[in-house]
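*Asks:* To convert a position in the sequence shown, counted from 1, into the numbering used here, add 102.
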Amino acid sequence: MKGYRDEAKDFLESASISIGDRIRIEKNGQCTQGLLMPRTEGGASNHVVLKLDNGYNIGIKVTENTKIEKLEEGREPTMGGGESEITPDPEKPDVTIIGTGGTVASKIDYRTGAVHPEFSPSEIYNSAPKTTEIANIRTETVCNVLSENMNPELWSKIGRAVGRELKEGEADGVVIAHGTDTMGYTASALSFMLQNPPKPVVLVGSQRSSDRPSSDATMNLTGAVSAAISDLGEVCVVMHGSSEDEFCLIHRGVKVRKCHTSRRDAFQTINDVPLGIIRDSEVEFLREKKGRNEDEGVEVKDGFEEKVALIKVFPGINPEVIEGLVDKGYKGIVLEGTGLGHVPQPLYPSLERASDLDVPVAMTSQCIWGRTNLRVYSTGRDLLDLGVFSLGDMLPETAYVKMMWVLDKTQNKGEVKSLMKENLAGEITPETRPDVFLKPKTSSE
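This is the structure in C-alpha cells:
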C-alpha cells in the first residue's frame, strides 16, 4: 500500500483493495472508475489516487459517505520491465538508442514524489513498445545524469559514442535520450562536433516521465525513432508539437529552444520553421534539410574550451563582471545584449580591455526572435569599434557552445571571429522570416 496511511489505508483495506486493482468509488452521487495508484509518502492521509482510462490521475478525498468497490484484481504498476528478448526483424531498419538520463529515462520515487533517472535505455525501449513496430532497437548507456549536470566533457563523450555508431555500427540512425533542460546545448554541441553526419542523429526527451499522467515520453520516443530512419543527415531534436497527442516536430539542433517550463510542446524552432513534422510515425519534411548520405564519412571533432562565459546584459550591470572574467583568464565571452545587441556604456572600457587582450566578444540578443544589428544605432557602432562582433540571429546558447568548440580549435582572434560568423550547421538564418514569430508553421501548406 505504498504511500497510503491512516484513513485512506483503512478505507482501502476494508474492501480488500490493493494497488493496481480496478475500482469504483461513489461519492456525492458521482461514480468514478480507474486503477488504484501508489501515493507519495508525504501526501494527505485521507485521499486515494486513481488513474482514469484517459491516462490522467485524480485524487478523491475519503469521507463518511464515500463508497468503494473492487471491480477487478490487478497488479502494482511498474515501469520498464527489464531486458526483453525480442528477435530482430531483418526486414526492419536498425536504430541505436543512447541513454544519457533525463525525464524520458526517469520514474517517480513514490517515497518522496521526486523524479529520478533510474532506467537503462532497455527500459526506455520497453516503455514505448510501438518503437518495435518501426525498427529493431539496440541500446547503449553513455551516462546517466539529469540534464542540469551535463557538461562539455560529457558532450564529447556522447559525440564520440554517436560517431562510433555512424562509422562502425550498423544502425540506420541514432537516438539520444536526454533531459530537456539543457538538450538545446547538447544538440548544438553535437551539431558542431559531428562533421557530415551520414544518418539522422535525433535527441529526444520528455516533460513528464512515463509513469505520470499524460506523459509525452512514449510519443516522443516513437517520433524520434521515426525520424532516425528518415531521409535526414543532420542533428535534430524531436519533441511534442502541440499540447495534445497530435504530432511531434523535428527541430534543427542549432535552432531549437525550450520555451516553457512544463508544457509538452515546450520546444520551438526559433527564427525558422521546423525541419519536419511526425504524425503516426509518418515523417513529412517542411523545409530544406541535409539529407541522408551514407557515402559520406562522419568526422568527430570534439573538444571544448571551458573558459567561455555567456553573460546576460541587464540595467546596472557592473563592469566588474567582464573585468573578473578577463582577470580569471577566460578565453571568450558571449553577450546576450538588449534589443538589437546593446550594452550599457559603463561596460565599454571593460569590453575594450577584453578586445585588447585578444579575448573575442560576440553579441547575441536576449529577445530570442529577430537578429542582432550593431549598425542601426550609434551605440552599436561604438561596440563594433571596440571589437565586439554580432552573430545575426544565432541563439545565445548556440553561440556559447559554438565559441567553446571554436576556441578549442583555434585561439587566433581573427580566426575565431571568422568561424563564429560562418554558418557551419544552419545556426544562422540568412534572412529574417516574418512568419515564424512565436508559433512556426506546422504543415507544408
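Note that beta-carbon positions come from the ideal geometry of N, C-alpha and C, so glycine has one too.
(1) Leaving aside the five residues before and after Gly176 along the sequence, list all residues of the same chain whose C-beta is less than 7 angstroms from its C-beta, in chain order.
(2) Any contact between the region 275-284 and the region 395-415? By contact I mean 3 or more CB pairs, one from each, below 8 angstroms.
(3) Quick one, which of Thr168, Val518 and Thr198 has its alpha-carbon nearest Ser328's?
(4) Kindly indicate which three-state DSSP category Ala291 falls into: helix, strand or coil?
(5) Got a sec, what are the start and stop residues for the beta strand (DSSP E) Val276 sits in?
(6) Apart from the five residues just before and just after Glu109, which ones in its own chain have a Cβ nearer than 8 angstroms to its Cβ?
(7) Extract the residue ranges of the alpha helix (DSSP H) inside the region 383-441, only unbroken runs of 4 or more that lie entirely within it.
(8) For Arg107, report the span of its beta strand (DSSP E) as first-last.
(9) For Arg141 and Gly105, I'd like the C-alpha separation in whole angstroms.
(10) List the DSSP bridge partners of Gly204.
(11) Using only the alpha-carbon positions, how far apart do Arg365 and Met252 sit?
(12) For Thr466, which of helix, strand or coil comes out of DSSP?
(13) What does the alpha-carbon distance come out to for the pair Thr440 and Asn395?
(14) Applying the criterion that 16 or more other CB atoms from any shown protein chain within 10 Å of the CB defines a buried residue, is Gln132 buried or exposed?
(15) Quick check on DSSP: helix, strand or coil for Thr214?
(16) State buried or exposed for Val478, treating a residue as buried only when at least 16 other CB atoms are found within 10 Å of its CB.
(17) Tell me where the alpha helix (DSSP H) around Ile236 begins and ends.
(18) Which of the three DSSP states is assigned to Asp196 in this structure?
(19) Would you kindly work out how many angstroms separate the C-alpha atoms of Met465 and Tyr432, rounded to a whole number?
(20) Quick check: the Cα distance between Glu336 and Val306, rounded to an integer number of angstroms?
(21) Report the three-state DSSP secondary structure of Lys504 (helix, strand or coil).
(22) If you drop the 5 nearest sequence neighbours on each side, which residues of the same chain put their C-beta closer than 6 angstroms to that of Gln370?
(23) What's the C-alpha gap between Glu100 and Leu486?
(24) Keeping to the same chain, check which residues put their C-beta closer than 7 angstroms to that of Lys391; ignore five residues upstream and five downstream.
(25) Considering Leu526, what are the terminal residues of the alpha helix (DSSP H) in which it resides?
(26) Could you tell me which uninterrupted beta strand (DSSP E) segments, each at least 3 residues in length, are contained entirely in the region 115-160, listed from first to last along the chain?
(27) According to the neighbour-count rule (16 or more other Cβ atoms, all chains shown, within 10 Å of its Cβ), is Pro254 buried or exposed?
(28) In this structure, how does DSSP classify Glu174 when only helix, strand and coil are distinguished?
(29) Roughly how far, in whole angstroms, is the beta-carbon of Leu292 from the beta-carbon of Val247, given that I think they are within contact range, below 8 angstroms?
(30) So what does DSSP say about Ser332, is it helix, strand or coil?
(31) Arg365 by DSSP, collapsed to three states: which one?
(32) Pop quiz: Gly494 and Arg473 are said to be a contact at Cβ under 8 angstroms. What is the actual Cβ separation, rounded to whole angstroms?
(33) In terms of residue numbering, what span does the beta strand (DSSP E) encompassing Leu305 cover?
*Replies:* Looking at the atomic coordinates:
(1) Cβ within range, chain order: Gly122, Asp123, Arg124 and Leu137.
(2) no
(3) Thr198
(4) helix
(5) In the DSSP assignment, Val276 falls within the unbroken beta strand (DSSP E) covering Gly275 to Ala279.
(6) Ser147, Asn148 and Val164
(7) Considered as a whole, the region 383-441 harbours 422-429 as its complete alpha helix (DSSP H) runs of no fewer than 4 residues, in chain order.
(8) First-last for Arg107: undefined, no H or E at that position.
(9) 4 angstroms
(10) According to DSSP, Gly204 bridges with nothing at all.
(11) 22 angstroms
(12) strand
(13) 41 angstroms
(14) exposed
(15) With a pLDDT of 44 at Thr214, under the threshold of 50, the modelled position of this residue cannot be trusted; read the value that follows with caution. Here Thr214 sits in coil by DSSP.
(16) exposed
(17) Thr233 to Ile236
(18) strand
(19) 16 angstroms
(20) 14 angstroms
(21) helix
(22) Cys361
(23) Given that the chain is displayed from residue 103 to residue 547, the structure contains no residue 100 and the question cannot be resolved.
(24) Leu334, Glu336 and Leu377
(25) Note, Leu526: premise wrong, no alpha helix (DSSP H); not H, not E.
(26) Listed in chain order, they are 124-129, 132-138 and 149-153.
(27) buried
(28) strand
(29) Actually they do not touch by this definition, with Cβ atoms about 16 angstroms apart.
(30) coil
(31) coil
(32) 5 angstroms
(33) That run of the beta strand (DSSP E) goes Val303 to Val306.
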